[in-house]
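Working notes, structure below.
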Amino acid sequence: MNQTGIHEERQDKATLFYGWIIVVAVTIIYTISEIPVFAFGIFVKPIQNELGWTREVITRAFGLYMILLGIFSILGGILVDRIGPKILNCLGGILIGLGFIIGSRAHSVVMFYLGYGILGGIGFAFIFVPNQTTLARWFIEKKGLALGIMFAGGGIGTLIATPLMQAGIERYGWRTVFVILGILILCVSVPAALFLKKDPEEMGLSPLGKGDMKSSGATEGKGAVKSGQMIQAQNFTLPEALKTVSFWIYNLAITLMFLGFFMAQVNMVPHVTDKGVAAAAAALALGIASAFNALGRLLMGAVSDKIGTKNSFYICLSVGAIMLFYLISVHTPWMMYLFVVFFGVAYGGSVPQMPRMVSELFGVKAMGAIMGVSMLITTLGPALGPVLGGAIYDRTGSYSPAFLTGGGAILVALILIYLLRAPKKSEG
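Going by the numbering used here, the sequence shown opens with residue 766, and the numbers climb by one from there.
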């Protein structure tokens, strides 16, 4: 029996595919490290009340976080292709944790930007793309489910953490909560990272579903479309991907999608509390949004395995745009709760579609580098969305024009996804 056969036999007899251990580890890391992104909105007013900064100035920290996430995702993507995810996740957790501790001591805009914006953004860049790339290499079958589980962790973590953080802010202040977050991220992410492996070959295994792909006659490097999804993409290098029209259409669509979703995510709490909703109720709503975000990530991750990536995008973007338009009229707790349920599912459900689509368009061989460049481009959306919302509020006294703009951006993203086609090697 040849070496490949031995590896496949070993995998078949294993009681648990190690890829699921990878799923657990990356979910733990993603859960603790994405809380700062989801929950940023509850810190806006406390920081404004203590330091007197405008909402635009405060949300610029979030924008800086996203810009640095995009820039350093290129490095993270390149490095995960070369050295694997373990070292990157350890470094990422250390940087995010230290960033929160430094941010807790800030009395100037520069120091707050350094802690939350710069160190936090760079740290998350070494976690976000590398872990998506790692899961894509471990799974062919159930890829959507594996990604959905990881992404759901961020929502579940925020559901649990948001009301606790709000209570902590009210009792001890936002600075103490920042310190606690920093310590938790340091203590949880680094040990979990020690379980990570670059790919199945490192352990003498094959990706889950590789045998089924071979037996069904699928061939690596040949694209096919079935039920709205590409079964197996050609493997593009980064330079080849950059030359395709599909790469730029995809990235423009995701940028606009993020602009709309993050505009609502960060500005919802200030918006509804301005309308008279209590801060505690708004914090609870943010937690509920995170729960349904997690449900959307898990549900649509699994559903996309059945109906395809593009069809899943159509559902999520349509509902998301409607919810941003609806948010304009929200002024009671129950209207707010209705918003966060549908918004959470739509926003969350779109997240696992992104790495799926990249792998289906360009393959997994250089996926880390391709996603790194993609992150650099698409983080313009979450960087600009919250700041644009805050700037519109500062100038008009209302978030209504901002949410109209965000909903329109999501609708344009939907059209672009519809126009997206799988590239061929000859393109460019």
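Even for Gly, the Cβ is constructed at its ideal location relative to N, Cα and C. None of the values given here were measured: they were computed from a predicted structure.
Give me the residue from the options with the minimum Cα distance to residue i.
i, options, result
"residue 964", "1149, 1141, 1178, 784", "784"
"residue 831", "1148, 1159, 1131", "1148"
"residue 794", "1112, 919, 1119, 903", "919"
"residue 1167", "1036, 864, 1015, 905", "1036"
"residue 1123", "927, 833, 1112, 999", "999"
"residue 1080", "1007, 1182, 1001", "1182"
"residue 1020", "1177, 802, 837, 967", "1177"
"residue 909", "1117, 1140, 1161, 1144", "1117"
"residue 1164", "952, 1004, 1092, 1075", "1092"
"residue 886", "829, 866, 842", "829"
"residue 1011", "1127, 826, 786, 1069", "1127"
"residue 834", "790, 810, 894", "894"
"residue 826", "1170, 880, 1141", "880"
What would DSSP say about residue i, mapped onto helix, strand or coil?
i, result
"residue 1001", "coil"
"residue 989", "Confidence is the limiting factor: at residue 989 the pLDDT is only 40, short of 50, which leaves the residue's position unreliable, though a coordinate-based value still follows. Correct three-state label for residue 989: coil."
"residue 1021", "helix"
"residue 1156", "helix"
"residue 970", "coil"
"residue 1009", "coil"
"residue 1188", "coil"
"residue 1039", "helix"
"residue 810", "helix"
Measure the C-alpha to C-alpha separation of residue i and residue j and round it to an integer number of angstroms.
i, j, result
"residue 849", "residue 1101", "42 Å"
"residue 869", "residue 800", "16 Å"
"residue 1042", "residue 1098", "6 Å"
"residue 845", "residue 1062", "24 Å"
"residue 1187", "residue 930", "44 Å"
"residue 1084", "residue 1184", "19 Å"
"residue 1129", "residue 925", "34 Å"
"residue 1104", "residue 1157", "21 Å"
"residue 807", "residue 932", "11 Å"
"residue 1134", "residue 913", "21 Å"
"residue 797", "residue 818", "28 Å"
"residue 1095", "residue 1153", "20 Å"
"residue 860", "residue 1088", "35 Å"
"residue 1107", "residue 1155", "23 Å"
What span of residues does the alpha helix (DSSP H) with residue i cover, start to end?
i, result
"residue 903", "885-903"
"residue 736", "No answer is possible for residue 736: it lies beyond the span of the chain, which begins at 766 and ends at 1193."
"residue 1139", "1132-1143"
"residue 906", "First-last for residue 906: undefined, no H or E at that position."
"residue 880", "First-last for residue 880: undefined, no H or E at that position."
"residue 1128", "That residue, residue 1128, is in no alpha helix (DSSP H); it is neither H nor E in DSSP."
"residue 798", "783-803"
For residue i and chain C, any beta-carbon pair shorter than 8 Å?
i, result
"residue 1079", "Chain labels in this structure do not include chain C; a single protein chain is all it has."
Checklist line | Uninterrupted alpha helix (DSSP H) stretches inside the stretch 1041-1122 (no shorter than 4 residues) | finding: 1044-1072, 1074-1092, 1098-1115
Next item on the list: Within the stretch 817-872, note down every full beta strand (DSSP E) run reaching 3 residues or more, in order along the chain.
Entry: none
Check: Which parts of the stretch 933-961 are runs of the alpha helix (DSSP H), unbroken and 4 residues or longer, counting only runs that do not cross its ends?
Finding: 939-958
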